[in-house]
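Accompanying notes for the structure given below.
There are 4 protein chains.
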Amino acid sequence: MIGAGFMGAAHSQGWRVAPSFFDLNGPVEMALLVGRDPEKTAAAAEQWGWAESGVDWRAAIAREDIDIVDIVTPGDSHAEIALAALAAGKHVLCEKPLANTVAEAAEMTRAAERAEAAGVRSMVGFTYRRVPAVALARELVRAGRIGTVRQVRASYLQDWLTEESDPLAWRLQREHAGSGALGDIGAHAIDLAQYITGDQIEGVSGTLQTIVPERPLTAGGSHYGPVTVDDLALFTARFGPGYLGSFEATRFATGRKNSLRIEIAGSRGALSFDLESLNELGLYDSTEPATEQGFKRIMVTDPGHPYLEAWWPAGHLLGYEHGFSHQARDLVLAIRAGENPAPSFAEGLRVQRVLTAVEESADNGSAWTTV
Amino acid sequence: MIGAGFMGAAHSQGWRVAPSFFDLNGPVEMALLVGRDPEKTAAAAEQWGWAESGVDWRAAIAREDIDIVDIVTPGDSHAEIALAALAAGKHVLCEKPLANTVAEAAEMTRAAERAEAAGVRSMVGFTYRRVPAVALARELVRAGRIGTVRQVRASYLQDWLTEESDPLAWRLQREHAGSGALGDIGAHAIDLAQYITGDQIEGVSGTLQTIVPERPLTAGGSHYGPVTVDDLALFTARFGPGYLGSFEATRFATGRKNSLRIEIAGSRGALSFDLESLNELGLYDSTEPATEQGFKRIMVTDPGHPYLEAWWPAGHLLGYEHGFSHQARDLVLAIRAGENPAPSFAEGLRVQRVLTAVEESADNGSAWTTV
Amino acid sequence: MIGAGFMGAAHSQGWRVAPSFFDLNGPVEMALLVGRDPEKTAAAAEQWGWAESGVDWRAAIAREDIDIVDIVTPGDSHAEIALAALAAGKHVLCEKPLANTVAEAAEMTRAAERAEAAGVRSMVGFTYRRVPAVALARELVRAGRIGTVRQVRASYLQDWLTEESDPLAWRLQREHAGSGALGDIGAHAIDLAQYITGDQIEGVSGTLQTIVPERPLTAGGSHYGPVTVDDLALFTARFGPGYLGSFEATRFATGRKNSLRIEIAGSRGALSFDLESLNELGLYDSTEPATEQGFKRIMVTDPGHPYLEAWWPAGHLLGYEHGFSHQARDLVLAIRAGENPAPSFAEGLRVQRVLTAVEESADNGSAWTTV
Amino acid sequence: MIGAGFMGAAHSQGWRVAPSFFDLNGPVEMALLVGRDPEKTAAAAEQWGWAESGVDWRAAIAREDIDIVDIVTPGDSHAEIALAALAAGKHVLCEKPLANTVAEAAEMTRAAERAEAAGVRSMVGFTYRRVPAVALARELVRAGRIGTVRQVRASYLQDWLTEESDPLAWRLQREHAGSGALGDIGAHAIDLAQYITGDQIEGVSGTLQTIVPERPLTAGGSHYGPVTVDDLALFTARFGPGYLGSFEATRFATGRKNSLRIEIAGSRGALSFDLESLNELGLYDSTEPATEQGFKRIMVTDPGHPYLEAWWPAGHLLGYEHGFSHQARDLVLAIRAGENPAPSFAEGLRVQRVLTAVEESADNGSAWTTV
């Protein structure tokens, strides 16, 4: 695994825990953790259960005893590492966003498609697909339980930027982060909406805003610098079959810590999900008698629910990091079965294109823009 | 009162009940109900407590013993009646929307402003302002409890059109209804957002959609006609101080019966309201210690809350029609105090202008449009 | 109507509003309000819509033009008035509790049964039966939607006594109030549990507690007197078929304003209700597929729900006092149809017997006590 | 670790994960897993990360390289193993219930107290104390945030026995399970109530019921045997300071999967917790202005909350098994600090005594019984 930040901890937990709960058709070894600082990386490897540590990702990719490269570095290095890993015949798991630009993401996608011919697999890390309630939502849509989709409402609400005196972190600078709330969390909302409905976004009209335009360069400092990414992204999207969806990504939703909400209304029912209650799914069935209709709060903890056969009895909750175990499981099983895991790089590219179209629309007076 | 439909029942209930619970500084008499059909109107007058009934609204306006004219007819007759009533020196309460066109609404507003010089009062019926939780929300914003407003999320979700085989009602035809979900329920979301924040919408980017484009002309019939209004309206708005809001009005939100939701995020806190739980207000205070922050569910039933001094002990809920009693109270007290009631016709006109700007934007590829 | 306190306002509202929304098979006239103080009663009659006022309830009962006597005085005068009214051939609606003692309630029940032979009807005012969600709950149990009842959980939680310095009101003195939380609000929990399940409580084990044993005689005063009723009542009950229920009545549930909660678990499903969200009913159906089971939040505002055909479109909420309109409707229709309204005095007596059994058990070390 | 069932998986996860997220002042090695079946135990050891496996717990206790013995066997073997382990100078973690009888639990407690003199530590596994929201609740009570405790409402609701045709599992037989819902899940409710309030239960009045009295001996079989434990336990408890609590433990609460609910009302506020939403805590503060009071939903995921400094950013949920990591952390840190971990065997014994008092009361017509 390459990268040793917060997402590195989450991925490591996924790799460590998955084999204890799921049958992966064989063992999985956590060979090598690559970071920048030798000492810190060694400590992290020790803490998270990696056999070795290093600072040279090119050397790591060259090793014959390594089969899978898991990339959890910042987005601006994804392309270089992933292209090298694919060229070396390694299966690749790349954290989202696939890249900071569409051009890079497109190149990665082409490389992934070429590599596939040689049996090399690649996957992008939209982990929230592996929340059981989300996977159940997709199954219900596919099974026709809500009929034809009529509209979508998706938002990803956080509030960690509400304090104006907080300093100008790298995530607030375009040259490092690529984009703001839109790319960081809006990408998840886009991916989930497309995943659950099974449809693609084909056009958008968007508006971006930087709510706090400048911040101190250091905590408590008196020198200020400009915030060059969006704090808030609002856009309307048209999906392939023609229906509309509203999207919001914000880091200024005071009081909402990690609220990724999706509501999907169909001709026969509706679904409702909120990541702040990730073990629950709301289901409405409008084919029931009118006097018995209502949103049902399904505790998605039954052994019959997706991924739940491996965990605890009904009613025992899963948490944030379980999605990373599910991701590790799905990737390993796909590789061993000789199948393509999902989401593919092409799907990651598709999300990038939507993000870019939103930015174009915002730059163009919110004019409707084709993806 | 002129008009005898569903809204007539609600207004009548307001007029009948208000004097029993509030001190109105004098008696209020329900003199005359005017409708189209003499027999039906007489029966309605009997049922709802009006002393007399009639079918000639011009004669009603001419009567010297009538002080207030309450207009609850369809929108296309508002202008004519209101102009005549104001000219006759009657105080006017006009149900929303003020009119079906901006031109008419503007004329009514000018008439109201002229009449005001003679002590004649006028008011438009955005009743939801009188839900105690909404009034409390406005008070809290004014008192600075959530700091500076940063963003708004407003939606009005209904689902009574989800059945495709339901016939082509007059509300689905532009010539009669003016607009669809946008004007019918979106207008409420706009008014509440402006009312609670105290700020005006100055620009919009919108998208409208007719989800079911044609419907049977009669229930079960095989002849179809086109739906000529929107089923779904999505738009982004910029308020005077520069912050953004997202708006949605839909009659296709399967499972949502009457869910007018407003969330307002500020620099020091946030508010959350849903008309389906109209006795509750969510309040988040981000100045509390981090480990004790959370959305608080305030039961807005305390005698200290707006309008509640007149009703029941804490914890005893109010319902939909209480807003009409509060409206009657506020109008009568304002007239008797020689003050202008709110919302004024000018405020109603302002909402019309926003609606029109949304339609223009939608016709123009969602391009940003000034109100 | 005899009695002019808080409950008088609620009953008056019921009588005034019911004829506007329900077809009562004929007119209803609000003839006479009887109170203690002539001036205050006259003002109340004016405010609430009664034609006349008076201070002599015996004279009222003697009037030939009065058909129904509605008793909303304190419990210690119920028996005398009701017995006289029944003897005079008047239909009687008596607010709960039927009386302060079982002996009185039993005498009233015998009188009601005798009067019934002459076509005179009587009813006790457990109004919460008329909350649409409660009526729906009963219908669902009867229809077998939750199978055989296995257990009941009922509590009535209020918090208006939490402040120790609040003075010793008459409700806290046994000689005036009869009992405390048990009789005042626990009686509602008992009635609803029996009403929804259709079964009778046959035995109890209970514990009572006075949490704040003495209070100032006057607000802010330094002289204290003893609280001689219970602040908190906890008991376990066995219903006729053998299943158990847990009950709680308290005025010290800090933060709960008027939370009457009932949960009923059956062999095929479950129901959940809370008076603080009185327009909603929770329904769980355990015959659904395991992966789709969940508590459904039914908005009990559909025209097909009990009493709702008379009110507003789906999603428009009812409030506390609507139950009084429903009560007036049911009583008038039963009288006009020559049928016995429910709940009968016998049902009111049954609740009194349960209350008495709880007190006996509490006095006897919580020993199991037959009703 | 001795024992390889469902709880063995949970404990193993705790031991494996704790060192990756918490600083334990040194390494922790998972030395040996002891089970009954050699092959299954070896497979479990491999799966869960234990270095070795075995079937002889006496041999395990004799090993010098083992410092901590974690007992997750059924309750009837706890005493024998724990006494031997303590005698051998091993620190002991014993899953709840401490034993199946008070006599055994008392003997274990004496042994633990003797061993303590030699620096040997012991702890009983009431893991739910380590849910962050529960730990926060205790902190808030201690800090006086809800004032003096006035009453407690605790229930543990499950529904996995609602199907009458399910077979007679060992948990339904007194000789194997000791007791039913009371000891299995009611024990958790008792421990949490005592833990959060800091007070002891001193008297009880209880009622037990076996709802389905006989079940097929095998799935689908036609031979039936008696259920000899309780399905439902209801009891009232008096805590040391004199206040009352209501308790319920049931496996027949249709629709409730794992709902351990605690509500605590105090003189200045209240707390509310439900294990089905384990990342949330409800807090009510009755010292706020009356118009701003309400139950606050605190997302207990802030880095400042108990245990949360080790996990994810605010808003990222924890699940069921995180409590086992917290338990492992607390035990190891206490041992290394030379301090007694909590809950002690004496606390486990105390819970046993409460359970026994409830059974005595139930056998004695619910008569009040001193613990």
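Residue numbers (the numbering used here), protein chains in the order written: chain Y, 71 to 441; chain R, 71 to 441; chain E, 71 to 441; chain B, 71 to 441. Note that beta-carbon positions come from the ideal geometry of N, C-alpha and C, so glycine has one too.
Contact check, residue i vs residue j, beta carbons under 7 angstroms
i: G374 (chain Y); j: D355 (chain Y); result: no
i: E234 (chain E); j: V297 (chain E); result: no
i: S82 (chain B); j: W118 (chain B); result: yes
i: A384 (chain E); j: F92 (chain E); result: no
i: L163 (chain R); j: A181 (chain R); result: no
i: A169 (chain R); j: H148 (chain R); result: yes
i: G75 (chain E); j: Q397 (chain E); result: no
Residue from the options whose Cα sits closest to the Cα of residue i
i: E350 (chain B); options: B:R241, B:A203, B:L103 and B:H396; result: B:A203
i: S292 (chain E); options: E:G325, E:N328, E:P237 and E:L401; result: E:P237
i: P167 (chain E); options: E:G364, E:T197, E:L330 and E:T361; result: E:T197
i: D254 (chain R); options: R:V282, R:A303 and R:G276; result: R:A303
i: A207 (chain Y); options: Y:E409, Y:A407, Y:V424 and Y:I332; result: Y:I332
i: G352 (chain Y); options: Y:T111, Y:V222 and Y:I368; result: Y:I368
i: R133 (chain Y); options: Y:A158, Y:E150, Y:A121 and Y:H148; result: Y:A158
i: L341 (chain R); options: B:L330, B:S347 and B:E362; result: B:E362
i: T306 (chain R); options: R:S275, R:I72 and R:R321; result: R:S275
Residues sharing a beta bridge with residue i, DSSP
i: K366 (chain E); result: Y:K366 and E:L353
i: Y294 (chain R); result: R:P286
i: M193 (chain E); result: E:L163
i: G124 (chain Y); result: Y:V104
i: Q279 (chain B); result: B:L302
Cβ neighbour criterion (16 or more within 10 Å) applied to residue i
i: L227 (chain Y); result: buried
i: Y390 (chain Y); result: buried
i: Y377 (chain R); result: buried
i: T439 (chain E); result: buried
i: K366 (chain E); result: buried
i: A187 (chain Y); result: exposed
i: N328 (chain R); result: buried
i: E109 (chain E); result: exposed
i: T357 (chain E); result: exposed
i: P311 (chain Y); result: exposed
C-alpha gap between residue i and residue j, whole angstroms
i: V125 (chain B); j: P97 (chain Y); result: 25 angstroms
i: A360 (chain B); j: S436 (chain R); result: 46 angstroms
i: D269 (chain Y); j: E183 (chain Y); result: 22 angstroms
i: E409 (chain B); j: G290 (chain Y); result: 40 angstroms
i: E165 (chain R); j: R420 (chain R); result: 15 angstroms
i: V441 (chain Y); j: R308 (chain Y); result: 10 angstroms
i: F317 (chain B); j: V428 (chain B); result: 11 angstroms
i: T111 (chain R); j: L403 (chain R); result: 28 angstroms
i: M77 (chain B); j: G295 (chain B); result: 27 angstroms
i: A175 (chain E); j: L345 (chain E); result: 27 angstroms
i: H386 (chain B); j: A323 (chain Y); result: 16 angstroms
i: D140 (chain B); j: R191 (chain B); result: 12 angstroms
i: F415 (chain B); j: R423 (chain B); result: 12 angstroms
i: S337 (chain Y); j: R285 (chain R); result: 15 angstroms
Contact test: residue i Cβ vs the ligand SAH heavy atom, cutoff 6 angstroms
i: E358 (chain E); result: Summarising the ligand content, the structure contains no ligands, and the ligand SAH is consequently not present.
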